[in-house]
Amino acid sequence: MTVLHQQYLAAHLGTFFRDHLQQTRGVSPHTLRAYGYTFRLYLAFLVDRTGRSVEHLRMADLDVDGVVAFLAHLQNDRGNCTSTCNLRRAALRTFFRYMIQRAPSQADQYRRVLALAGKKRRQRPATYLEPEEVRAILIQPDQRTRAGLRDHALLLYLYNTGARVGEALDLRLEDIKFERPPRVRVRGKGGRERNCPLWRETARALQRLASALPPPEGGVLFCNQRGQGLTRDGAAYILRKYVEQAGESMPSLVGQNITPHVLRHSCAVALLQAGVDLTVIRDYLGHASVATTSRYVSVNLDMKRQALNRFWQRAGLGFTRTQTWRPSKNDLSFLADL
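For the sequence shown, the working numbering assigns the number 69 to the initial residue and increments by one for each residue that follows.
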């Protein structure tokens, strides 16, 4: 690559995505898509900011002021939340760290970008469903149809395993062991894999689905009508449809924004209510740290109430009932003689 070519951003993007992210770091396809979308937004912003076409954008255009302006554009103009802005910032930071190695002479320019702190976001309590609400949703799919079989198996699998929606949609038939005890291999984030037990009902639903459908394209089990793997939007639509139907008999579901990730939260809270240790739940859900799992301790009001009652009893602060004092004749005589 000539010195002139090195001045242009386009000369580095290809090697960043192809060589660094895919070959060196081996990131997942989901991460690759997320980074690609970030840079499409960033390049479009730089084109508007500089007035140059994408192929003529220079590395000198990637200064800290431009990155700050881009993040402000995401929040103010596009209405992105703090979490989304921090994810976009993380993708850009990965690129600038990569560029420090490729262009040491401009390292100071890139380090100023890396020094930008992420915005703190407010940690909201996780939304979850009670078991009776989940049951109301699970009985909605018409299992006499192929689509109903798929939908019931998908929703039951999400609740049983607490899998992320991407993990569920990546499920392949060879990942499932139907012999007792039934279990599944879940392909998690960062290339991590974990084994999860399956309820007999879940294993039976997955087995019925595999028998009713032709061999899926690409090996994934949950497919659309064209035989292609379900998308995240497709899974969200399926759940939303049955939540609306279940709302007719379960009023607590009406008006709630129930996503596939809510089923993951619901699985975690149900395990916690059953007395399962946090470290076991961490491994069950595929969390990297138990600190992530511990957020579920603070989310369940009933568990807080039970803990408070146990604390009250342990503290021994309850008042005992005493008899009301009434003066006797002897007391009154004593007072009269004073």
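Glycine residues also receive a C-beta, built at the ideal position from the N, C-alpha and C atoms.
Under DSSP, I244 shares a beta bridge with V252. Taking a contact as a CB-CB distance under 8 angstroms, the pair A336 and L321 does not count as one, their CB atoms being some 19 angstroms apart.
G119 and Q177 have their C-alpha atoms spaced approximately 21 angstroms apart.
Secondary structure of P209 (DSSP, three-state): coil. DSSP, read as helix, strand or coil, puts N144 in helix. For V288, the three-state secondary structure derived from DSSP is strand. In this structure A278 is not in contact with L266, their Cβ atoms being roughly 13 angstroms apart against a cut-off of 8 angstroms.
Beta-bridge analysis with DSSP links N263 to R253. If the five residues before and after V202 are omitted, its C-beta is found closer than 8 angstroms to the C-beta atoms of Y227, L331 and S334, all from its own chain and listed in chain order.
Only exposed fits H124, as fewer than 16 other CB atoms lie within 10 angstroms of its CB.
As computed with DSSP, R126 is found in a beta bridge with Y76. By the neighbour-count criterion, in which 16 or more other beta carbons inside 10 Å mark a residue as buried, P250 falls on the buried side. Listed as beta-bridge partners of G230 by DSSP are no residues whatsoever.
Assignment of G297 by DSSP, reduced to helix, strand and coil, places it in the strand class. Ranking G186, Y105, R126 and L339 by CA distance to the CA of L139 puts G186 first. Judged by DSSP secondary structure, S173 falls outside any alpha helix (DSSP H); it is assigned neither H nor E.
Short of 8 angstroms from the beta carbon of V95, and not among the five residues preceding or following it, lie these beta carbons of its own chain, in chain order: L89 and Y103. Contact check for Y310 against P209 passes: the beta carbons are separated by less than 8 angstroms. In this structure, A204 keeps its C-beta atom at 8 angstroms or more from the C-beta atom of S121. In the assembly as shown, A231 is a buried residue. Its beta-carbon has 16 or more other beta-carbons within 10 Å.
Taking all protein chains shown into account, Y105 has fewer than 16 neighbouring C-beta atoms within 10 Å of its C-beta and is therefore exposed.
From the listed residues P172, V135, I168 and L298, the smallest Cα separation to N154 is found for V135.
The Cβ-Cβ distance between G302 and H98 does not fall below 8 angstroms. Of the candidates L222, V252, R294 and E261, the residue whose Cα lies closest to the Cα of I207 is L222. CA-CA distance, N325 to E247, rounds to 37 angstroms. Classified as buried, T270 has 16 or more neighbouring CB atoms from the shown chains inside 10 Å of its CB.
Burial check for G295: the Cβ neighbour count within 10 Å stays below 16, so the residue is exposed. Apart from sequence neighbours up to five positions away, the residues of its chain that approach L142 with a beta-carbon distance below 8 angstroms are L109, N148, T152, C153 and R156, ordered along the chain. K257 has its alpha-carbon roughly 13 angstroms from the corresponding atom of L237.
In the three-state scheme derived from DSSP, where H, G and I count as helix and E and B as strand, V344 is classed as coil. From the listed residues R268, L346 and R240, the smallest Cα separation to G297 is found for R240.
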